[in-house]
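So the structure is just underneath, and the comments pick up after that.
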Amino acid sequence: MRVLGSIRNKLLFIVLMTTFSALTIASAIFMAYDISSYRSLRVNDANTQLSLLAYSSIPALEFEDKKVAAENLDLMALRPSVRAAAIYDARGRLFAEYRRAGAQHDFPELPGGDSIEQDLHSLVATSRILRDGEILGTAYLAADFPLLERILRYVGVLVLVALAAMLMSALVALKLQSLITKPLLSIVGTARDVVATREYTRRAEKLSEDETGTLVDAFNDMLAEIESRRQAMENANRQLEAEIAKHAQARATIMQLNEELENKVQERTQQLQSTNHELESFCYSVSHDLRGPLRSISGFTQALREELPAELPGDANRYLERVMAAARRMSQLIDDLLNLSRVSRGELVRNHVDLTALAREVVHDLQARDPDYRPDVSVWQGMRAEADPKLVRIVFENLLGNAWKFSAKKDKPRIVVGVMKDGAREVYFVRDNGAGFDMKYAGKLFGAFQRLHGMNEFPGTGIGLATVQRIINRHGGRIWFDSAPDSGASFYFTLSPAAAAATPLQESA
Amino acid sequence: MALLARCVSLAALLGRYGVLMLLLSCAAPAAAQESAAALQIKAAFVHKFATYVQGEGTAFDDPSVPLVFGIAGSEQVYDFLAELVATQNAGMRSADVRRVDVPADLAGVHVLVVGSDAAEEADALLQQGVGRSMLTITDLPGPQPANSMIHFFVADDRVRFDIALEPATAAGLRLSSRLLQVARLVGD
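Structural data, given as structure tokens:
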């Protein structure tokens, strides 16, 4: 069917095949009927002929008159289809014979009884000649029986008829098929155009009100649907493109701003660092330079005290004492300030540090300086860290010093130095059961020169915790605390950068 | 079966005409024998003639009446005919054969055969037949005598016969045209 290609050819093929089938069947039936009736006609004819021949030959046979028999047979010349005829006597001997002019024929030695034999070309019939039940002889007839010729002629005629009919059918079909193909070809043409041009506004022309018409309607509806969807899609695309462009612009702006911000931050950081540096230099030089005059004040006050008599008038002695105390305090202040600036300026050298031993040394020093005060101090064993030994010592000096100082007024003062695990990180703590402080002042705790207690209550410069925080920061660690008035205080710190998302214990209450 | 039936019927024919046929086919030159063969054929012809004769109100049209053959002057014809009648098919009409010596014997005879031995009485016998619906057959040398309807002769060693229609018509008999077909002379 693919060979046929177009619908037009298929329709033509269908019509021709239908015509051919109908013609073939009709012809076959007609031919079979005709051949059959022709055959029976010829057979009947032969039988009649034979009967007549037999009847007319009875006297000749009975009275043995071959001449009369031959004359009877000669009448067969009136029947051109009879090729040969013969009369046999009762003993089966040839009695009289007839051959069509110019025909060759061999008569059988002994003819059959009543029989008819036929093939595609000839018919041979024999009939016994009877009179009053007595067999007088046999009549024999051989006639042309052009069955094959007739069949061939028939087939020829039928082929001609079939050709003519199919030609006619083809002409009619070609004329009429436009009823079907024209509307179809119209749709196909439109469809091809639409595919080629992508112009979905085109419409197929409706040429008929049958199924093809319905197809045209459906096709046009589909085109309309496609067109509307395409437009909707184009609109959506346009909107999307616009949005993308807007987003890109916004992103560019943000990136520019980010860059500016980073630049600004870097700038500010540099400014801050240089300012810090200047401040530290200033602090260092001021502290350093203050030492000279202070030593003079202290030295000369000492000298003055020694030069003057032991008993001085009025409150002179007490004044001198106060000058000397102030000088000592100032010296202490300067030392702390230098310490603070040194902590910030020096290079960090990490080493393996036995914190337990270090803490015990500090406790030992504190005990040596203040032999009368004996708090219950316990330092846990096995505390180790990778840190700068000098700086960590300053941390313990300050934290233990504070604990020592603020627990002094308790009946049973107690100080604990220990460690606990927070995930992979070790958190060290220094705890006392001393005066403590209100957590609302927590913000001021690590500022330099910030003091929560009066100078008379607890001595101190107010620089220690600032120094501690700076050291911890330089190690990448954190420091926090927990306290309440008269309930002691706990300071916690780490000496390494926090693992991601590690939450500190009790950062604030 | 058809072949068998045919063989049987052929055998029957041979039985009946056997001697005659053999003699004829041998065509022996002896005059006596030839004469016997010819007589046998003539007897057979006589037997068949009756079937070609019709006549209103005569015995020929009434199959219920046995057909009576009267033979004069030919003992052999008598013998052969008697044998034929005795051995004829059951389907055929019954017949009787008798000798005719004097005209008085003609009573009841339907077919009269006058042989050469009764040449002298022939005219008288034939004369007797006039006015009676009797088929008259003569087997005499010479031309067909008056009142003879069928007259045998031999030509080319074959038995042939002449037919005279006038006496037959006078006798109220009609001879079948098919019989006339094989006869030599028809009418005078």
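Chains as they are written, first to last, in the working numbering: chain A, 1 to 509; chain B, 1001 to 1188. Where a beta carbon is used, it is the ideal one built from N, C-alpha and C, also for glycine. Small disclaimer: the values here were computed from a predicted structure and weren't measured.
Counting C-beta pairs closer than 8 Å gives fewer than three between the stretch 106-125 of chain A and the stretch 57-67 of chain A, which falls short of the contact rule. Residue pairing of residue 429(A) in beta bridges, as defined by DSSP: 418(A) and 492(A).
Pairing residue 95(A) with residue 1173(B), the inter-Cα distance amounts to about 31 Å.
Against chain A, the CB of residue 1147(B) has no partner CB under 8 Å away; the residue lies outside that interface.
With a threshold of 8 Å between beta carbons, residue 65(A) makes contact with chain B. Nearest C-alpha to residue 382(A) among 227(A), 405(A), 426(A) and 26(A): 426(A).
Shown here for residue 162(A): same chain residues with a beta carbon closer than 6 Å to its own, the five before and five after excluded, namely 23 in chain order. Counting C-beta pairs with one atom in each stretch, the stretch 410-423 of chain A and the stretch 459-476 of chain A have fewer than three that are closer than 8 Å, which means they do not touch. Here the alpha carbons of residue 306(A) and residue 417(A) stand approximately 45 Å from one another. Relative to residue 432(A), the option among 125(A), 411(A), 406(A) and 336(A) whose CA is nearest is 406(A). For residue 1142(B) and residue 1148(B), the gap between their C-alpha atoms comes out near 12 Å. Using beta-carbon distances, residue 132(A) counts as an interface residue toward chain B, with a partner under 8 Å. Interface annotation, residue 59(A): in contact with chain B, CB-CB separation under 8 Å. DSSP, reduced to helix, strand and coil, places residue 1052(B) within a helical segment of the structure shown. Close to chain B, meaning a Cβ-Cβ distance shorter than 7 Å, is no residue of the stretch 115-131 of chain A at all. Contact note: residue 1178(B) reaches chain A through 56, 58 and 59, using a C-beta cutoff of 8 Å and chain order.
Short of 7 Å from the beta carbon of residue 350(A), and not among the five residues preceding or following it, lie these beta carbons of its own chain, in chain order: 386, 387 and 388. Taking 8 Å as the CB threshold, residue 109(A) stays off the interface with chain B. Straight through space, the alpha carbons of residue 469(A) and residue 300(A) are spaced by roughly 38 Å. With its beta carbon at least 8 Å from every one in chain A, residue 1154(B) lies outside the interface. Residue-level contact check: residue 149(A) does not touch chain B, since none of the beta carbons of chain B fall below 8 Å from its beta carbon. Annotation for residue 1119(B): no beta strand (DSSP E) segment contains it, and DSSP assigns it neither H nor E. Nearest in C-alpha terms to residue 122(A), of all of 142(A), 188(A), 111(A) and 101(A), is 142(A). Assigned with DSSP and collapsed to three states, residue 1172(B) falls in coil, not helix or strand. No Cβ of chain A is located within less than 8 Å of the beta carbon of residue 1069(B). Per DSSP, residue 351(A) is not a residue of any alpha helix (DSSP H); the beta strand (DSSP E) it occupies stretches across 351-354. Look at the stretch 335-386 of chain A and you find these whole runs of beta strand (DSSP E), each 3 residues long or longer: 351-354 and 376-379. Assignment of beta-bridge partners to residue 1151(B) by DSSP yields 1138(B) and 1162(B). Remark: C-beta atoms of residue 413(A) and residue 375(A) approach each other more closely than 8 Å. Ranked by how close their Cα comes to the Cα of residue 354(A), the residues 287(A), 290(A) and 428(A) have 428(A) in first place. Going by C-alpha positions, residue 273(A) is about 14 Å away from residue 341(A).
Taken in chain order, the whole alpha helix (DSSP H) runs of length 4 or more contained in the stretch 172-226 of chain A are 178-197. A contact is defined here as three or more CB-CB pairs under 8 Å, and the stretch 1131-1141 of chain B meets this definition with respect to the stretch 1110-1118 of chain B. For the stretch 87-129 of chain A, the full-length beta strand (DSSP E) segments reaching 3 residues or more read 94-99 and 115-118 along the chain. Assignment of residue 463(A) by DSSP, reduced to helix, strand and coil, places it in the coil class.
The beta carbon of residue 89(A) lies closer than 7 Å to those of 61, 95 and 137 in the same chain, with the five residues before and after it left out.
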